[in-house]
Amino acid sequence: METGKTSVVIVGGGPAGLSAAVFLAWQGVPVVLVERHPGSSPHPRAVGFTTRTMELCRAVGLGSLIPQVPPGSGRPRRLKVESLAGKWATDEVQWTPVDATKQPPKQLEYSPCTGAALAQDRLEPILRTRAIELGADVRLSTSLLAFEQDGDGVIASLRAPDGRQYSLTADYLIAADGHSSGVRQALHIERDGRGPIQTLRSVLFRAPLDQYLESGVSQFEIEQPDFKAMLTTYRDGRWLLMFPDDEERDESTLKAMVTRAIGRSDVDIEIITTGRWELGALIADRFSAGRVFLIGDAAHQLPPSRGGYGANTGIEDAHNLAWKLASVLSGASTPGLLDTYDAERRPIAWLRHGQIFNRPDYARVARPSDKEVPLIEDHAMELGQLYRSTAVVGAGHELPPAMRPDQWAGQPGTRAPHIWVTVEGVRSSTLDLVQPDWVLLTEDDRWRVAAAACAEKLGLKLNCVKLGSASATSSPDATDPQAFLAAFGVGATGASLVRPDGYVAWRCIELPADPSSALIAVMQRVACVEREGALTS
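Residue numbers (this note's numbering): 39 to 575.
This is the structure:
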């Protein structure tokens, strides 16, 4: 049998798998992605990608290719209606109950990005093209038949588009093969959570209905005495009508039901395709087994929600895992770093599971235990989640699992804050100063010597970025002189150590007596480095 070799093989070419291919290839890791379908699904599936997802896309050069929504657009708005042309309710169906006392000041800017109202079948080709540009080997119409692993690697048995079978040897395998993941089942990994909710049918159609979107509402709960359905739009002329049952319908019946939902019979309707959806919420008991890692729906099946907790959570999984695999494969880190993937991402999946069922959209199908979690604001869930693992120093259990970015102050385990700085005359975000390497941010030049000593001793790439005055053209200049210190929670001589995924690993409030030794000790811990003579923390 023909064989091949790569560093990482990814099974599944949806948003999570394609993102993993992009992030790994961006880090210079040889990667092969296999997808059993010939391309994207004819059904758009997810629509709407979060600010955090757009930040990650921006970092890998995709920012200009994905149209973003205007600032302040917020979550999709939903309304109960008799039909599009019929009576509309006056009160919206809220995603998050509004409490004015908890809302952040309107002038706050959390990110240089906003979200994107883009359908999944539009995003996937963008990700696929970028992955290939960066060097990823993307193989469509290719199926995983079986795999086995040992202490040295993984062997995947594959079927090519022409039916030929061959094997591919890799150091690691990433399973991005959906909620019914064959890889997860082969590993005998169980799942827990709310469980199955219901099976739905849907019809995707095209119709000229943009006039009904002028109010800003894009999701409509159709309520008639003998007809209930959910109608939503992809904002590109395509609409989706979902039925709360598992009944198969012919095209004439589907058109009749679409006509009822619209409330007009004078509209041209083009049926594109139909879908069958198994709604459920289940989290894998572990996100890895040996050299195999689960991401996306293979790790956590979450029902579609206005929080963006489906595809976006999977993309963040891929980003968290990619830099760790890259560091281990390069020899910079020991495999122990990979243990932090499960430690950091599985709690996030459970946190989002709780938020879905603690909100009105899914309250009717929630168990009492599902609601025993605090309600967390959208900005906190999206940009203020906290990681706790050995790759972070100081993320104690006394800290909440998530807060708004303005409520944090650069604590380890949180996403590095966004503030505007000037780099050689160009206005940039601090987020542009981090990724894909370790970065030490400071206003004190003495940390440069410590960073250089640390990088040499441990064999890691560590950039020291000094935020200074505008006269120092080689250094970024904080637009507000105090903004960096306040946002990152350090003093004038302190420093913040940011991981390759843009999360703070450690911070030092003021310059210690021996900054080199302090930094070496911390880096050895958070990056899982073993070097002869290196200090231990």
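Where is the CB? At the ideal position from N, CA and C, for every residue including glycine.
In the three-state reduction of the DSSP assignment, P373 falls in the helix class, which pools H, G and I. For E308, the secondary structure class from DSSP, reduced to helix, strand or coil, is strand. In the pairwise beta carbon analysis, the segment 83-103 is classified as not touching the segment 287-298: fewer than three pairs are separated by under 8 Å. Going by beta carbons, P538 and P474 fall inside the 8 Å limit. By the neighbour-count criterion, in which 16 or more other beta carbons inside 10 Å mark a residue as buried, R298 falls on the buried side. DSSP places T291 within a helical segment (H, G or I) once states are collapsed to three. Taking a contact to require three or more Cβ pairs closer than 8 Å, the segment 488-502 and the segment 403-417 do not qualify as touching. Put simply, the backbone Cα of K266 is about 40 Å away from that of F331. Beyond the five residues adjoining it in sequence on each side, D380 comes within less than 7 Å, by CB distance, of R324, F325, S326 in the same chain, given in chain order. In this chain, the alpha helix (DSSP H) harbouring M92 covers 89-97.
Distance from the CA atom of E308 to the CA atom of D274, rounded to whole angstroms, is 14 Å. Contact annotation: the segment 447-460 does not touch the segment 182-197, with fewer than three C-beta pairs closer than 8 Å. Annotation for V431: no beta strand (DSSP E) segment contains it, and DSSP assigns it neither H nor E.
Here the C-alpha atom of F61 lies approximately 8 Å from the C-alpha atom of W361. The three-state reading of DSSP puts N350 in helix, counting H, G and I together. Taking C-beta separations shorter than 8 Å and ignoring five residues to either side along the sequence, the partners of I227 in its chain run A322, D323, R324, A327, L332, following chain order. Judged by beta-carbon spacing, A429 lies within the 8 Å limit of L375, meaning their Cβ atoms are closer than that value.
Of the residues assessed, P406 falls on the exposed side of the cut-off, its CB having fewer than 16 other CB atoms within 10 angstroms.
Short of 8 Å from the beta carbon of V67, and not among the five residues preceding or following it, lie these beta carbons of its own chain, in chain order: S45, V46, A360, L363, A364, L367. Selection W277, P234, I260 evaluated against A245 yields W277 as nearest (Cα-Cα).
H456 carries a coil assignment under DSSP once its states are collapsed to helix, strand and coil.
Annotated as proximal: L165 and S57, with beta-carbon spacing under 8 Å. Under DSSP, the beta-bridge partners assigned to G233 are A319.
Contact annotation: D408 and W133 have beta-carbon atoms that are not nearer than 8 Å.
Residue range 464-467 is occupied by the beta strand (DSSP E) that includes S467, with no alpha helix (DSSP H) assigned at that position. Ranked by how close their Cα comes to the Cα of A418, the residues V542, R442, T167, R74 have R442 in first place. In the three-state scheme derived from DSSP, where H, G and I count as helix and E and B as strand, H391 is classed as helix.
With respect to the 8 Å criterion, W476 and K499 are classified as neighbours on the basis of their beta carbons.
With respect to the C-alpha of A543, the residue from Q562, S303, W458 having the closest C-alpha is Q562.
Leaving aside the five residues that flank G77 on each side, the residues in its chain whose CB is nearer than 7 Å to its CB run, in chain order, L178. Between V98 and R168, the C-beta gap is smaller than 8 Å, which places the two residues in contact. DSSP places E410 outside both helix and strand once states are collapsed to three, so it counts as coil.
If you look at A54, you'll find it in the alpha helix (DSSP H) that goes 53-64.
An exposed status is given to I547, since fewer than 16 other beta-carbon atoms sit within 10 Å of its beta-carbon. DSSP, read as helix, strand or coil, puts Y379 in helix. Looking only at P108, L496, A194, the smallest Cα-Cα distance to S371 is reached by L496.
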